[in-house]
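See below for the structure under consideration.
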Amino acid sequence: MNREFHKSNRARFYESMECNALLVLFSGTEIRKTGDETYPFFADRDFVYMTGIEQKNSVFVAGKDSAGTVWERLYILPGDPMAERWTGRRLKPYEAEEASGIGEIRQAPSFRGDFHTLATSGRYGAVYLDLFRHSPEDIDRPAHTFLRQVQTDYPYLKVQNANILIRRLRTIKQPCEIDAIRQAEEITKAGILAMMRASRPGMYEYQYKAEFDRALGQFGPQGPGFPSIISAGANNFCIHYYSYTGQALDGDMVLNDVGAQFDNHITDVSRGWPCSGRFTDRQRLLYECALATSNHMFSIIRPGMKMAEVDATIRRYNAQLLKDAGVLKSLDEIGTYMWHGGAHHVGYDVHDVVETPEIIAPGMVFCVDVGIYHQAWGIGFRVEDNCLVTPEGCENLSAAIPRTIPDIEDIMRK
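Residue 9 is where the sequence shown starts when you use the working numbering, and the numbers rise one by one after that.
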């Protein structure tokens with residue numbers, strides 16, 4: 009993403025931001041892992057979306073006055089030769105300006121004093137903070153810590169949640185974002201093909217993961233966009249499985265739910281195959297039901313369709329196919345074999361933090377995910393692809409990743 013993309017995102021945000029208000033966004037900091045080690049730093053996604061900056065302890069501040077005029081300021085860590093010797097080079101001000109399109113760059117230690125001056129100037133009555141939480145148990149992010157300071161020191165400032173406006177922007181992908189997702193699909197394809205070609209009875213899940221990671225590593229350092237789900241046999245019945253300790257025995261299905269990232273955009277693709285390379289009759293029956301359901305969805309998704317109908321239609325259509333095949337006695341039994349929803353948006357996050365739309369519109373990108381889990385038969389897998397909504401209908405962005413039984417068996421046979 010170039011700086012024009014980030015400048016455009018900020019400009020669209022300001023259109024919905026009230027006047028006489030401040031915006032404060034934080035890139036975040038590392039989370040401690042052990043006594044003297046932290047987890048690798050991962051910048052806040054909304055911060056990156058708005059600024060293009062991925063350096064820790066950075067702060068973005070903007071102000072909108074009564075006339076609607078906006079000013080912007082970015083705070084970054086100052087140069088420190090000793091710290092950089094240990095933990096890597098820091099952004100120079102000109103580099104931060106080039107990446108973000110923000111003209112005024114200051115040193116991070118001056119943020120607190122500068123904010124106090126702004127907050128007590130009498131010119132601002134509100135402050136926007138990104139107060140996203142996935143659940144109440146989440147650890148505090150810098151915005152939540154800063155919120156408490158604002159409430160204590162500047163109680164006259166009305167606090168607004170910037171996340172509401174940003175997730176609205178993230179719902180519709182810009183052309184450059186779609187291009188990045190297409191690149192990520194190609195990298196994901198290489199990783200899945202590597203696993204298919206290496207697959208054999210007796211192979212351990214961690215070996216499948218090693219094949220996937222090695223393939224992605226040939227395209228750059230970003231790697232997977234989320235922890236890969238790779239399982240075999242009975243482990244397929246844990247939907248989010250991360251142990252990688254199981255062994256694929258002859259007759260087992262290998263389930264993988266994986267995705268690469270490119271330029272901070274993530275794909276989410278699921279494929280299932282028998283470790284031996286040849287589907288059994290029961291595996292074939294269930295797989296064909298899932299694939300037919302997926303193909304049906306890509307034939308009907310179009311602008312104007314209700315988003316909630318994607319999940320509902322997947323469930324209804326797949327249930328009818330399973331009933332016709334003799335797997336179900338009644339459509340009401342579908343919950344026995346379908347355990348999760350069939351659609352979520354992708355982008356800067358694998359479950360993209362967007363404003364869940366009521367109606368599908370062009371530029372949305374979400375998954376079409378059909379999972380079947382038949383424990384009595386020992387067969388569990390999902391067929392998951394990424395759907396781009398177009399003005400006329402939709403496009404399967406991951407269609408080139410082998411998904412039919414003949415294509416999968418052909419790849420594995422070779």
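Just so you know, even glycine gets a beta-carbon here, dropped at the ideal spot from N, CA and C.
Which residue from S307, D276 and I174 puts its Cα closest to that of R390?
D276
Between M261 and I409, is the Cβ-Cβ spacing less than 8 Å?
no
Have a look at L339, A29 and E317 and flag the residue whose alpha-carbon is nearest the alpha-carbon of V135.
A29
Indicate the three-state DSSP secondary structure (helix, strand or coil) for N65 in the structure shown.
coil
Could you compute how far the alpha carbon of G210 sits from the alpha carbon of R190?
34 Å
Cβ neighbours of G254 in the same chain (closer than 8 Å, five flanking residues each side left out)
Y212, E213, S239, A240, G241, A242 and N243
Would you mind reading off the limits of the beta strand (DSSP E) that contains Q159?
Per DSSP, Q159 belongs to no beta strand (DSSP E); it is in the alpha helix (DSSP H), P150 to D161.
What does a CB cutoff of less than 6 Å around V361 pick up in its chain, not counting 5 residues either side in sequence?
R175
Please tell me whether V376 and D357 are closer than 8 Å, where the distance is taken between their beta carbons.
no
Given 8 Å as the limit, is there contact between the segment 56-65 and the segment 81-92, that is, 3 or more CB pairs closer than that?
yes
Hey, quick one: how far does the alpha helix (DSSP H) through H124 stretch, first residue to last?
F119 to A127
C-alpha distance - N326 paired with Y381, whole-angstrom precision
12 Å
For K217 and C246, I'd like the C-alpha separation in whole angstroms.
17 Å
Measure the Cβ-Cβ separation of H124 and T59 and say whether it is below 8 Å.
no
Which runs of the beta strand (DSSP E), 3 residues or longer, sit entirely within the segment 216-295?
237-240, 261-266 and 277-282
What is the DSSP secondary structure of R114, counted as helix, strand or coil?
strand
For I416, count the other beta carbons within 10 Å of its own beta carbon; 16 or more makes it buried, fewer makes it exposed. Which is it?
buried
Reduced DSSP category for K166 - H, G, I as helix; E, B as strand; rest coil
strand
So, is the C-beta of F34 closer than 8 Å to a C-beta in chain B?
You won't find chain B in this structure, because it holds only one protein chain.
Does the segment 288-299 come close enough to the segment 29-44 that 3 or more CB-CB pairs lie under 8 Å?
no
For G343, three-class secondary structure by DSSP:
helix
Where does V354 fall in DSSP's three states?
coil
Ends of the alpha helix (DSSP H) at H14?
R11 to S24
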